[in-house]
């Protein structure tokens, strides 16, 4: 069948088989059955599910290496060779000596010339054809017995000829004791005999199993993408889109990824692996050929029906598809059955039929000629317009494809209005963007559509909308001030959310406020935005001027949605700066809104308040708010608020110590919003913090830079100051005291300029530590006391704990160890109540060290010759126990470097107690320390970084690395990461 649309010249190269992904459960079950001989396994699945790849995997399994593995496949030929797949498998049976054979085996000489030297002489042929065939069957069975332990793999059994099927039945009825057979069969497509003819009945003594292969899940599709694209990971949105576009069918996934890999090399970096690239991808050649082959096997009415379904593009009822294809009654029923039997269409639920995945639809659509497409799209408009509830988006798409421009604009705008009303933000933006991108619109139409776009765009975040709004403001200089102000206001609000464009965004909002003099309610939205103090270095006093203006206009506002927006932002702002009355005001608000717009504002409030409460240290309260806020925002289509709340959630997990899998989750979140500044910066803070506790200092500094730690004017100040606290500790850990002080200077200056000290809870203890280490006592005292004045009377539990930690650091640095220990304990209790376990453990560690130092000074005054436990001084043993407990707590949390530091300190204080049970022998299994080293090697860490992270000597690390390479059988350090993915340590304690 010729393609109606010509394709560009291309070269498709296949680089061999990929790793088998997502079939671990199936492989494990099959291997278990096959090891208990005799055994027979049938693998069935629709085309593309990976039956052949699974057989290939079984053939290479080490469990079967000691015996023979014999493979054959049936072919869809009109006149197949009798016994073809079995004989193909047996041709390789002579690769090692065979067991004894009787003269009857000689009958196979003409059929297996490769084994002629191993087979007895050929006997005289029998005159009875049935008897001769029976003798051949007996000879095959005898040859299989002579093979000893053997695994026979037969693929595409649906194409088997009648002779092969009879032979398989004969073998199944009396299987050799050391034989295992695996046969793969395609379902969902025509075969010579139908599924009922599969020769797979075995006696009770044979171990049997039937395995049905289904689509891959999203996780497996992601792993396959990483394998084929040779990437360490792919983003969650990309994986989800790939799964949606391929229905998880392995063949379709692989072909799509190969096409993506080829296309990615020809496109600018910004396009690589984007959803837009995936949607615009040409159908892979092999997939197109497979679909075309199925179409060629259909009768002409069925082809018409498939083409009509491709034009409709969405699963539809048979009557709708049939009306478009001019089919009805028995003709429609027969054509539909043919498309189902041929694997072209599928039943997708609710009496609707369509294609399993978009690429299959596109492959069929490409076979339809241009004139025929136009006719079918025009007819689709007539059919769909008469539906009880006309599908507006589909009507818009068909109108555009049919070249009916005016009709397309009408339906597209109506569909956008419908999407806005239902909270479908992305669809509304897509539709409005597509209409505004076309030439020929009048200024009134542009103004109306741009106004709608600018308003709905604030519910989500789409950087391409910024470009559209900028172009409209530049091109249409005669717009009415109110229209221009409306568009500019939304532009400014979008710019504020964009990395590096905060200042320009605020300028645009101020301009919009002056243009909206006749639209006070819209102007109020701009005033409200400028009252938000969280971003940039603009002082709180400047924002307070706008806060006052917002309060002045609030009483004059009548629109309930706008009143709710202003009130919600005022509550979250007050909570951010430590006003305890904000929470009481929140609890008095209604729980539900009367429409989509009010539900959006309530969702925004829950999400924003969750952020404010988390920075204040009300973590349990914030956890409940963020969970409910994400649900509300998702339901209302407030995608921007939902995205921001995801950032709050990962940061909450970080500070609360929920670190398992957090790095991967956070990376996926950041990749999903690469242009959205608040999410990028907040997720980078979390990644930097996690890297720091693992001792990955270079990675930590890279992430913290992305958190705007060096450019506070562009970022959310709570994030910036928290990132500065992490950075200072990283620099101190590497003995870069000058660098730590420089970072502290910049961050403290930012906090002073901003004037909201409750956001500095993560900064002040670290800054005090840096200043005291450098001997800058006045700066250390000043920052702690200024913080104390700034948080006095504020509703911020974390600030109270941080203030205690800061004061304890000052006491410890001045040698007042007993007093410092007491205050560190108070700080730990404060952090534990939040809870912030990492900070709490750190305070407990410092308290223990203070007690040790105090005891040592006391002991030194008494004697200079005492060793061992005596060196700890009075009360030293409880402090040692506290330090050991801190090490264990760090270990449980996942802070491996901190745990190593505590153990190092224990050794320094002579408190290391080796196990009384003796050293365990691990053999070829990795010891716990070697496992730590292997994980760090997998992350690309150098020996020096591993030594620093685990507080070991470089020589000791070299020894551990050598043992890891040997035990894993790794050829190099880079090979360790691959082998660690399948490493499973023993769980039995020897």
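In our numbering, the protein residues as written are 3 to 992.
Using N, Cα and C, we set each Cβ at its ideal position, and we do this for glycine too.
My assumption, with CB atoms under 8 Å, is that residue i sits in contact with residue j. Please give the rounded CB distance.
{"i": "residue 838", "j": "residue 728", "result": "Incorrect: roughly 14 Å between the Cβ atoms, too far for contact."}
{"i": "residue 494", "j": "residue 526", "result": "Not really, about 14 Å apart at Cβ, beyond 8 Å."}
{"i": "residue 1", "j": "residue 311", "result": "Lying before the first or after the last residue shown, residue 1 is absent from the chain, which here runs from 3 to 992."}
{"i": "residue 240", "j": "residue 166", "result": "With a Cβ gap of about 44 Å, residue 240 and residue 166 do not count as contacting."}
{"i": "residue 398", "j": "residue 417", "result": "5 Å"}
{"i": "residue 181", "j": "residue 213", "result": "Not really, about 19 Å apart at Cβ, beyond 8 Å."}
Once DSSP output is grouped into helix, strand and coil, what is the label at residue i?
{"i": "residue 101", "result": "coil"}
{"i": "residue 573", "result": "helix"}
{"i": "residue 273", "result": "The predicted position of residue 273 is uncertain, since its pLDDT is 39 and thus under 50; no value can be drawn from it."}
{"i": "residue 675", "result": "coil"}
{"i": "residue 500", "result": "strand"}
{"i": "residue 43", "result": "strand"}
{"i": "residue 993", "result": "Residue coverage of the chain in this structure runs from 3 to 992, which leaves residue 993 outside it and unanswerable."}
{"i": "residue 662", "result": "coil"}
{"i": "residue 655", "result": "helix"}
{"i": "residue 82", "result": "coil"}
{"i": "residue 820", "result": "helix"}
{"i": "residue 349", "result": "strand"}
{"i": "residue 537", "result": "strand"}
Whole angstroms is fine: what's the gap from residue i's alpha carbon to residue j's?
{"i": "residue 184", "j": "residue 51", "result": "16 Å"}
{"i": "residue 65", "j": "residue 188", "result": "26 Å"}
{"i": "residue 48", "j": "residue 158", "result": "11 Å"}
{"i": "residue 288", "j": "residue 257", "result": "7 Å"}
{"i": "residue 497", "j": "residue 459", "result": "12 Å"}
{"i": "residue 219", "j": "residue 484", "result": "50 Å"}
{"i": "residue 847", "j": "residue 30", "result": "47 Å"}
{"i": "residue 758", "j": "residue 582", "result": "15 Å"}
{"i": "residue 408", "j": "residue 383", "result": "13 Å"}
{"i": "residue 316", "j": "residue 357", "result": "8 Å"}
{"i": "residue 870", "j": "residue 909", "result": "Residue confidence is low: residue 870 scores 42 on pLDDT, short of 50, so the model does not pin down where it sits. Its coordinate-derived value is still stated next. Looking at the two C-alpha atoms, the distance is approximately 11 Å."}
{"i": "residue 559", "j": "residue 689", "result": "43 Å"}
{"i": "residue 612", "j": "residue 797", "result": "14 Å"}
{"i": "residue 874", "j": "residue 825", "result": "In this prediction, residue 874 scores a pLDDT of 48, lower than 50, which makes its location untrustworthy; the coordinate-derived value is nonetheless stated afterwards. Their Cα atoms are separated by approximately 21 Å."}
{"i": "residue 271", "j": "residue 259", "result": "The predicted position of residue 271 is uncertain, since its pLDDT is 32 and thus under 50; no value can be drawn from it."}
{"i": "residue 981", "j": "residue 970", "result": "7 Å"}
{"i": "residue 466", "j": "residue 293", "result": "35 Å"}
{"i": "residue 539", "j": "residue 756", "result": "6 Å"}
{"i": "residue 920", "j": "residue 883", "result": "Confidence is the limiting factor: at residue 920 the pLDDT is only 43, short of 50, which leaves the residue's position unreliable and the question unanswerable from this model."}
{"i": "residue 163", "j": "residue 118", "result": "25 Å"}
{"i": "residue 624", "j": "residue 32", "result": "48 Å"}
Between which two residues does the beta strand (DSSP E) harbouring residue i extend?
{"i": "residue 210", "result": "209–215"}
{"i": "residue 73", "result": "70–75"}
{"i": "residue 300", "result": "Element bounds for residue 300: n/a, residue is neither H nor E."}
{"i": "residue 157", "result": "152–157"}
{"i": "residue 249", "result": "First-last for residue 249: undefined, no H or E at that position."}
Specify, as a first and last residue, the run of the alpha helix (DSSP H) that residue i falls within.
{"i": "residue 26", "result": "26–36"}
{"i": "residue 188", "result": "Where residue 188 is concerned, there is no enclosing alpha helix (DSSP H), although the beta strand (DSSP E) it sits in stretches over 181–188."}
{"i": "residue 374", "result": "372–387"}
{"i": "residue 328", "result": "Neither: residue 328 is in no alpha helix (DSSP H) and is coded neither H nor E."}
{"i": "residue 603", "result": "598–618"}
{"i": "residue 1042", "result": "Here the chain covers residues 3 to 992 and nothing more, so residue 1042 does not appear."}
{"i": "residue 789", "result": "779–793"}
{"i": "residue 543", "result": "542–556"}
{"i": "residue 712", "result": "That residue, residue 712, is in no alpha helix (DSSP H); it is neither H nor E in DSSP."}
Practice prompt. Give a yes or no on contact between the region 375–392 and the region 330–344, applying the rule of three or more CB pairs nearer than 8 Å.
Written response: no
Worksheet entry | Meets three-Cβ-pair contact criterion under 8 Å: the region 92–104 and the region 149–156 | yes
Discussion item. Three or more C-beta pairs under 8 Å: does that hold for the region 600–607 against the region 777–787?
Written reply: no
Worksheet item: Is it true that the region 373–381 meets the region 401–420, where meeting means three or more beta-carbon pairs spaced less than 8 Å apart?
Response: yes
Discussion item. Quick check: the region 585–601 against the region 544–556, are at least 3 beta-carbon pairs closer than 8 Å?
Written reply: no
Practice prompt. Report yes or no: do the region 499–507 and the region 702–721 share at least 3 C-beta pairs separated by less than 8 Å?
Written response: yes
Worksheet item: Three or more C-beta pairs closer than 8 Å, one from the region 66–77 and one from the region 123–137: is that the case here?
Response: no
Discussion item. For the region 562–571 against the region 738–754, do three or more pairs of beta-carbon atoms, one drawn from each stretch, fall closer than 8 Å, so that the two count as touching?
Written reply: no
Worksheet item: Taking contact to mean at least 3 C-beta pairs separated by less than 8 Å, is the region 174–182 in contact with the region 204–213?
Response: yes
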